[in-house]
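Q: Residue numbering for the sequence shown follows full-length UniProt numbering, beginning at 1 and increasing consecutively.
Glycine included, each C-beta is placed from N, C-alpha and C at the ideal position.
All figures in this text were calculated on a predicted structure; none of them were measured in a lab.
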Amino acid sequence: MNAIMKKTKENGRDRLIASALKLFSEKSFHAVSVREICDDAHANPSLISFHFGGKDSLLEVIFEEELLSSSFQDMVNILTTPTSIIDMEVKLSLYLQSYVNFYLENKEVVSIYLEELEKGHDLARRILSQTYGKIWDRLHLFIQEAQSQNFIKPDWDSKIVCFQIISPFFCLIRSRSTNLRRAECTLDDGEFTKKLIKQIVCSIKE
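1. Along the chain, which unbroken stretches of the beta strand (DSSP E) at least 3 residues long are found entirely within the segment 60-94?
2. Buried or exposed: where does lysine 91 fall if 16 or more other Cβ atoms within 10 Å of its Cβ makes it buried?
3. Select from Val109, Ser98, Pro45 and Val100 the residue whose C-alpha is nearest the C-alpha of valine 61.
4. Which same chain residues end up closer than 8 angstroms to arginine 35 when comparing Cβ atoms and leaving out the 5 residues on each side of it in sequence?
5. Would you decide whether leucine 172 is buried or exposed? Buried here means 16 or more other CB atoms lie within 10 Å of its CB.
6. What are the boundary residues of the alpha helix (DSSP H) that phenylalanine 52 is part of?
7. So, at 7 angstroms on beta carbons, what are the nonlocal neighbours of lysine 7 in its own chain, with the 5 sequence-adjacent residues on each side left out?
8. So leucine 16 and leucine 58 are in contact, right, with Cβ under 8 angstroms, and what is the actual spacing, rounded?
9. Mind checking if leucine 21 is an interface residue toward chain D, Cβ cutoff 8 angstroms exclusive?
10. Please name the residue, chosen from Lys55, Leu67, Ile112 and Ile85, that lies closest to isoleucine 204 on a Cα-to-Cα basis.
11. Going along the chain, which residues of its own chain have a beta-carbon closer than 7 angstroms to the beta-carbon of phenylalanine 102, five neighbours each way excluded?
12. Return helix, strand or coil for glutamate 118, following the three-state DSSP convention.
13. Out of Asp188, Ser167, Pro82 and Leu104, point me to the one whose CA is closest to serine 148's CA.
14. Could you please give the first and the last residue of the uninterrupted alpha helix (DSSP H) stretch that includes proline 168?
15. Excluding the 5 residues flanking leucine 187 on each side, which residues of the same chain have their C-beta closer than 6 angstroms to its C-beta?
16. Using alpha carbons as the reference points, say which of Glu105, Ala124 and Leu104 lies closest to isoleucine 112.
17. Could you spell out the range, first to last residue, of the alpha helix (DSSP H) harbouring cysteine 185?
18. Does the beta-carbon distance from isoleucine 48 to serine 19 come in below 8 angstroms?
19. Quick check on isoleucine 160: buried or exposed, where buried means 16 or more other Cβ atoms within 10 Å of its Cβ?
20. Ends of the alpha helix (DSSP H) at serine 33?
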């Protein structure tokens, strides 16, 4: 295959991925047809089968290429065992900012993934351990390590502490186009995000 033909095929594949991301984010995966994706990408419907084998496989490619990045491991690596209260605060703040940054850089695919996960989509559930499950597990261990050193109250339920930390961000991500946005509570606002992170971190200290 010559370079021009190869580039044309790659561009067609990329256009299909971009259109699918946009449409799945706007309407949901199940509400979008192959025809709609191809029309939006200005591509022949047969190209979905050629490049991906079908709509389900297209979603799998999107998750693999856009979601399964090193960012989740980077977040895990931030949360090494805390050595002091200040160290705990710094690491937890960096972790949460990294969590927000990943969302801001990947809004469409994160929204699609979380929606499909809530619906029990097999693919979303299958890769949970490599994505949000991974960073949840490390956060839970980090909280337990902090409790063992009395940086966080030892008698608090460690899973509830994790929910206290993560839930506000999850809520803002899942409600980004509702009244939370109208109330100017959005992760796109850097100052709001800084205040949110600071207040959450302060709220769990011993």
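A: According to the structure data:
1. none
2. buried
3. Val109
4. Pro45
5. buried
6. Phenylalanine 52 -> no alpha helix (DSSP H), and no H or E assigned at all.
7. Its pLDDT being 38, under 50, lysine 7 is placed unreliably by the model, and nothing is read from it.
8. 7 angstroms
9. Among the chains of the structure shown, chain D does not appear; only one protein chain is present.
10. Ile85
11. Ser71
12. helix
13. Pro82
14. 158-174
15. Val100, Leu172 and Thr193
16. Ala124
17. It is not in any alpha helix (DSSP H) - cysteine 185 carries neither H nor E in the DSSP assignment.
18. no
19. exposed
20. Unbroken run through serine 33: none, as it is neither H nor E.
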